[in-house]
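Quick notes on the structure that follows.
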Amino acid sequence: MTDIRVLLAQNIKKLRRIRGFSQENLAERAETSTTHIGMIEIGKKFPSVNMLKKIAAALGVDTSELFSTNTVVLIPSQDKSIELLHNEIMEEIDKLKSNITEKIRKIDH
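Using the working numbering, read the sequence shown as starting at 8 and increasing by one per residue.
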């Protein structure tokens, strides 16, 4: 049986990281302190129902997902960190293409 505090702590931390939020970002969005978020994430504090709703809203999930034992599946358009990562990868690919093209031009001359 899973300890509910541990499960909640893990899910909040995982969702926060997936979203690309720092504890400070999440705290600001959930209208609480960074310390409070940190204490929740290590299982030292258990949030009120109202705070659970605020955290879930800040993370863009239903409150029940904070207690899910299943892997959270996120739609990429909802996850800004995936979009940012995709853009960074595409920029790197473009740079590599440019470098290769430049090298080919030098060889041809």
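From the three backbone atoms N, C-alpha and C, an ideal C-beta is built for every residue, glycine too.
For residue i versus residue j, is the C-beta spacing smaller than 8 Å?
i, j, result
"L103", "V68", "no"
"I44", "A16", "no"
"A34", "M58", "no"
"L165", "R12", "The structure shown does not extend to residue 165, since the chain is modelled only from 8 to 116, so the question has no answer here."
"L73", "A63", "yes"
"V60", "T70", "This sequence places Lys at residue 60; Val is not what is there. Cβ distance < 8 Å, so K60 and T70 count as in contact."
Quick one: what does DSSP say residue i is sitting in, helix, strand or coil?
i, result
"K113", "helix"
"D101", "helix"
"I49", "coil"
"V56", "helix"
"F28", "coil"
"A16", "helix"
"T42", "helix"
"N94", "helix"
"N106", "helix"
"T70", "helix"
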